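Encoded as structure tokens, the structure appears first; notes follow it.
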Amino acid sequence: MTEQSDEGLTIREVRLGATREEGGTREVSYVIGGERDLPFSGDGAGRPLVALEICDDPRFWPPVVRDYVGDLANDTAEWARAAERTYGADLVRLNFTSTKQRGFDAFDAIAATTEEVLAATARPLIVEGSNEPELDSEVFRRCGEAGEGERLLLGTAEADRYRSVAAAALAYGHAVIAQSPIDVNLAKQLNILLRETGVPQDRIVIDPYAGALGYGFEYSYSVMERIRLAALSGDADLAMPMICAPTDTLSVREVREAAPADQEAMAVAWEFYTAYAAIVAGASIVCVRHPLTVERLKAALEG
Amino acid sequence: MAMKALDIYKHLPKTNCKKCGYPTCLAFAMKLAVGKAEVEACPDLDPDTKSLLGGVTRPPVRLVTIGAGERSIAVGEEFVLFRHEKTFYHPPGIMVQVSDTWPEDEVRSVVETVKETVVQRVGQDLVVNGVAVKYESNRPERFAATVALAGGGSTLPLVLIASDPAAFEAGLAVAGHYRPLVHAATEENWEGLAALTKRYGCPLAVRAAGPAELASLAGKCAEAGTPDLVLDPAPSSLAGFIATATEIRRSAIGRTEPALGYPLYLDAGAFGKTDAALAAGILKYAGIIVTPPLASASREAALTLRQNIYTDPQKPIQVTPGIYPINEPGPDAPILLTVNFSLTYFTLLGYLEASRIPCYLFIADTEGLSVLTAVAGGKLTETLVADSLKKFGVADLVDHRLLVIPGYAAPLSGKIEDATGWKVLVGPRDAADLPGYLEKEWKA
Amino acid sequence: MPTVTFLPGYRKATVPEGATLLDAARAAGLSMNVVCGGEGKCGKCQVYVKDGTVSFDREKYRRFFSDEEIARGACLACQATVAGDVQVEVPAGSLIEEQKILVEVPGMKEIPLNPTVRKYEVRLEPPSLEDTTPDLARLLEGVERQSGPPPNRVYAPLGVLCYLPQVLRRSGWHVTATVALVPGGYRLSSVDEGDTTGRLYGVAVDLGTTTIVAYLWSLVDGRILATASNYNRQISCGEDILSRVNFSRRSGLTRLQQLAAESINEALTTAADAAGIDREEIFEVMIAGNTVMTHLLLGIDPGYMIAEPYVPVVRRMLSTAAGRIGIAAHPNAGVYTFPAVSNFIGGDIIADILATGMAEREEATLMVDIGTNFEAVLGNSDWMLSCAGAAGPALEGGEVLFGMRANPGAIERVRIDPDTLAPSFSTINGVRPRGICGSGLIDLLAELFRACVIDRTGGINLELDHPRVRKGQYYPEFVVAWKEETSIGKDIVITENDIKNLIMSKAAIHAACMTLLDAAGLAPTDIGRVCFSGAFGNYLNKENAVTIGLIPETPPERVGNIGNGAITGANIALVDRRRRKELDGLARRITYIELNADPSFMDRYTSSCFLPHTDFALFPHVQQTLEACRARQGVRSWQA
Ligand code: SF4
Ligand code: FES
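Chains as they are written, first to last, in the working numbering: chain W, 1 to 303; chain L, 1 to 444; chain B, 1 to 640.
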């Protein structure tokens, strides 16, 4: 049932990562959520987190990032380490792009990579599993198992395929990213489905799906605002923190076709404006791919 | 609280005479309720009723024009706090700041860039709007010269930023007739500045920390005869700006404090994080944003964000219907039917380009509705598909007669087959699943 | 002699001075309400003197009048005498109401028999050299004497005039004139020898895209003599409206016009034969059809209606003579078509509205007519909103793997045991099942939902370990009937895809209802009653319809089914001319909401694409019952 109350709601707090005391190996864990008002307008919320996205198969990664990180792209664990230590990311989002290959069946590698990345990092980890319903349950099981106790943030549950992510999250104690296609109602529906499957509300992070700046981002922006407003005015099924991960930002025409000298600046600007706007709309975690964007965002969020 | 349609209806003549241009009084009431019609349109209302209903529609944020001529900008006249509630109407003016201490060439080059740079996106020309001249030389004549260098207001809208009355006198002597924005009246100097701007009939920015102080200052200036005001809440941090701007817009919209019903001013250079400030200003209610000169990447991203945020959320951006080749398709490539809702298009495009599968995107004109809505609303029909197939000459491009339709259009599959004679394959509902689907299912 | 004019009808009588107003009223053909017989004792014959004077002792009869009435010039007609020319207003209460025959219209309570066409039996003095009044005038004067309309208001078609002299003379000046009330006056439809007043018939027709239904009435005593129905012959030119319009664009209107008339004639003939009457004695035909059907029947080009901006040629009620459009009734019979609101809300829907009586009530009624397209109307006596849209064929069994129309062998009712998941069902005609029809599908959806076989998006939970729940070839599916039980030798299943199509259909309808409610600023609880119209509503389980969120939550006792509202409405308009007269006004005050132009429709639609709805608060009762169901099964509560 939707809890309605006149005073409005507090966004649920979701813990990411687990320290030793919490049963994991992370040096820190983060608690996101807790807002009682619009972003920047009240108290209650911590600073939004900036996640750097990396992947296990760079063939599916934007060239502008590959050029910047060089050899790191071929060593997922080192890339993850650099994300935290060199680039200053609050956390890493690991994408299993390898599952996009035709006939993928290297499930052991999924587990191994998860373990390696966890070993290479000290902060909470976001894991983006497969994009393929056929692979879902095995991929989620393997990475979920490999990260048992670490309170990963596992992605991505969608209305058509949420049961396997939910099962892995429940079995190994992780949180779940619930992604719906830019629609406040669909976001709510998915949260209800997850709830009715048994995923506790404080282990759900909403991903309203982010379009790229200039390519429909405004829809995502408004949906995030709507989700947050609905939550603050009492809709418990939407009162979860939000994550923004605009996957297409670095493949838009403006970045792809920029003069080589401008490309990096354009990539960073495009990611920065998108991520910052998402924060203004209420995102607790913004995911970017270019290491320089991490720095820019963190500077912007200080003070 | 806006009145509901039925409440408004009670006050209308109920004669359904159509003089207002709507088929029934109730239809008119419904438009009034959402602010899409003017009470005046009904000739048969007595003055009392008019004022009762008319009070609902006056814009809560005043429209203020800055500059004159082609490049002049009008800001304000907003009705909502969140764009999804209706739309934002008047995008903020972005004004690049120069100083009167700079060498002439530097000023000139900034002004040239503002004047000449146009970013074209989705059929619109996006520009940085004007120039802000800051008085730092302590020499009024130098200020006036720089104002002249910036075009004197006749080409680009200007903001004159100073604190010395003498500087304003000098600056306005040059640009006063082109409605520059004068920044800023404070608790100390407002009387003189209000008189001055009244004389030139130009808009005035008032600056005070906090909504209450701003309201009182704005009230005094308006009373003194300068109705076109812009509010500078003098934020001490960017977060502070967002919070105050939200508060001010909220009281303006809620009409709790009419003296706050003016556009807002933001100095994006004030916090050492220009990009963040630009984004924040665009998103959160700034009407005028003054910024240091921008690198091209920042400029393009900021203008794009502004365009995005100020598009009407209720009017989806549309892609031109037609047939779009992707990844160099041949005659055996699949034809993928979709709608001209831009987001659908861009999402599909992204997945398809990444998949490297050669194919044709076949975009039917559903007036910008998504597949789901277009099917439900009867905009995507077999006749439309059949007509579009013909119109775009799809049959000449390929040597098969197979049409992949979106999963949500499944209910139309039979009818499309009948109307077109093509065999219909029902694709997945989700764009992300399309490449996988094509790999598995597509055999021309 | 002074002239007395009676308002509001401007009837006049010239009477000697000193005559009472009552005498004058009688002379003018008014039947006053003379309860005490004109003794000045009952006070029922009140009239108001508007202009001129009468002599009347106001003080004597003061007790019959209020101050206000005195001020308006009230007096008693039986006691006031004429002193000069005078104008008198007769309030309705002082007239004897016309003798009302109440007739029972199927689906409606009693309504008065008050047709627009009447027969007058007249015996005329033959003309002579002294009296050379022309035949027509002679006849009409005779009609007027029978309290028929004044001669100058009656229009006589040439066709009638051509045979009039013969009929009058052959009959020995004893004829029956059939006079119809038409816009702007009266028409002399027919003159027949002798007394035929016992035989006056009318037909109400539901001109559907697929089927024609006709009711044959005796307009003399308000009895239904026969009914008939048959297919619309236009089907040969296309199944649905769009294809027919396209046909008319390709091959012209004539064929479709003829087919429409032939289809109606077929029904008319069947009914007339069954009742043993002569079609030539049918003098009135009332037709309810959607806007395109109406255009086609009348031979008006519907081509501009099917594309933006969807403009029909006419909306108002039209009348024509049967002979002009080939309807096999008396050639001068009046054929009336229902007015429309827009091309999407046609005469059939106006007839539905009439059948619900919603335009006469204060409480808000929500009327939904469901087919491949749906129409919804919300309103009361003061205001009315309507919208229309495409629901898709799923609710009628289309686009559903084992869906079928409501024909024999269709599973029409289903229950599923929540513990064993064993379905029990009944089929139409009780034969072995061949498929599932609309009402069965709705039952299934509701029952699968209650049994937790499907989640709220309609996704089948494959983790349930049960032989009836299986992966299926393309989509997960639930087995409703094993092949041994069926008559088709195959398992009858419902697939997840079927379920999602059904949910999309129901969501379109629910979203439309919510759009109307929101436009009016009402909540579902403000709905006084919900009426389903059309065949769809007949077998529908109301509670299940609410459980799946087809309509806004309403207590089952407030949900009703008016059946074929189009024919009911046509029946009412045929027999009661008062209501027929109101139709144009009704159609004009209905506000049409274009769903596509309503930006929030998509929002409502997506939130309705869930069982029963994304916002459970809109379905508090459903929520409670589901909680109870789940609790019984030991499934986690919704609140978890
Ligand atoms: S002009 Fe006035 S009276 Fe006439 S329809 Fe419009 S609102 Fe009604
Ligand atoms: S008839 Fe009774 S008072 Fe006139």
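For every residue, glycine included, the Cβ atom is placed at its ideal position computed from N, Cα and C. It should be emphasised that the depicted structure is a prediction, and the values quoted were computed from it without experimental measurement.
Should residue i go down as buried or exposed, given a rule of 16 or more other Cβ atoms within 10 Å for buried?
i, result
"M1(B)", "exposed"
"L164(B)", "buried"
"D105(W)", "exposed"
"Q101(W)", "exposed"
"T291(B)", "buried"
"H466(B)", "exposed"
"T304(L)", "buried"
"T256(L)", "exposed"
Name the DSSP bridge partner or partners of residue i?
i, result
"A376(B)", "V368(B), C387(B)"
"Q258(B)", "In the DSSP output, where bridge partners are listed per residue, Q258(B) has none listed."
"K12(B)", "T5(B)"
"Q314(L)", "The partner list for Q314(L) (beta bridge, DSSP) is empty, contrary to what the question assumes."
"W97(L)", "It is Gln, not Trp, that sits at residue 97(L) in the sequence shown. Its beta-bridge partners are A132(L)."
"A228(B)", "A214(B)"
"C55(W)", "N95(W)"
"P325(L)", "Y360(L)"
"C36(B)", "DSSP lists no partner for C36(B)."
Taking 8 Å as the line, does the beta carbon of residue i fall inside it for any heavy atom of the ligand SF4?
i, result
"T606(B)", "no"
"A448(L)", "Missing from the structure shown is residue 448(L); chain L here goes from 1 to 444 and no further."
"K19(L)", "yes"
"Y408(L)", "no"
"L12(L)", "yes"
"D369(B)", "no"
"L586(B)", "no"
"L45(L)", "yes"
"Y22(L)", "yes"
"T15(L)", "yes"
"F28(L)", "yes"
"V531(B)", "Reading the sequence as shown, one finds Cys at residue 531(B) and not Val. False, no ligand heavy atom lies under 8 Å from that Cβ."
"C25(L)", "yes"
DSSP three-state call for residue i: helix, strand or coil?
i, result
"Q99(B)", "Reliability of the predicted coordinates at Q99(B) is poor, the pLDDT of 43 falling under 50, and the value obtained from them is presented with this limitation in mind. Three-state result, Q99(B): coil."
"Y200(L)", "helix"
"V199(W)", "coil"
"G159(B)", "helix"
"V127(L)", "coil"
"Q639(B)", "Residue placement at Q639(B) cannot be trusted, given a pLDDT of 36 that sits under 50; what the coordinates show is reported in the next sentence. Looking at Q639(B) - three-state DSSP - the assignment turns out to be coil, as it is neither helix nor strand."
"N561(B)", "strand"
"R580(B)", "helix"
"E496(B)", "helix"
"S137(L)", "coil"
"G269(L)", "helix"
"I593(B)", "coil"
Check whether the Cβ of residue i sits closer than 8 Å to any heavy atom of the ligand PLP, and report yes or no.
i, result
"D232(L)", "Among the ligands present in this structure, namely the ligand SF4 and the ligand FES, the ligand PLP is not found."
Q: Decide yes or no for the touch test of the stretch 142–159 of chain B against the stretch 181–188 of chain B: beta carbon pairs closer than 8 Å, at least 3 of them.
A: yes
Q: Determine contact between the stretch 583–602 of chain B and the stretch 377–389 of chain B, defined as no fewer than three beta-carbon pairs at a distance below 8 Å.
A: yes
Q. Does the pairing of the stretch 148–156 of chain W with the stretch 185–202 of chain W give three or more beta-carbon distances under 8 Å?
A. With a cut-off of 8 Å on Cβ pairs, the stretch 148–156 of chain W is not in contact with the stretch 185–202 of chain W, counting fewer than three such pairs.
Q. Does the stretch 173–193 of chain W come close enough to the stretch 434–442 of chain B that 3 or more CB-CB pairs lie under 8 Å?
A. At 8 Å Cβ cutoff, the stretches do not touch.
(Q) Does the contact criterion of 3 or more C-beta pairs under 8 Å hold for the stretch 75–89 of chain L versus the stretch 251–265 of chain L? (A) The stretch 75–89 of chain L is in contact with the stretch 251–265 of chain L.
Q.
For the pair the stretch 257–274 of chain B and the stretch 317–332 of chain B, tell me if three or more CB-CB distances fall below 8 Å.
A. Taking 8 Å as the limit for Cβ pairs, the verdict is that the stretch 317–332 of chain B does touch the stretch 257–274 of chain B.
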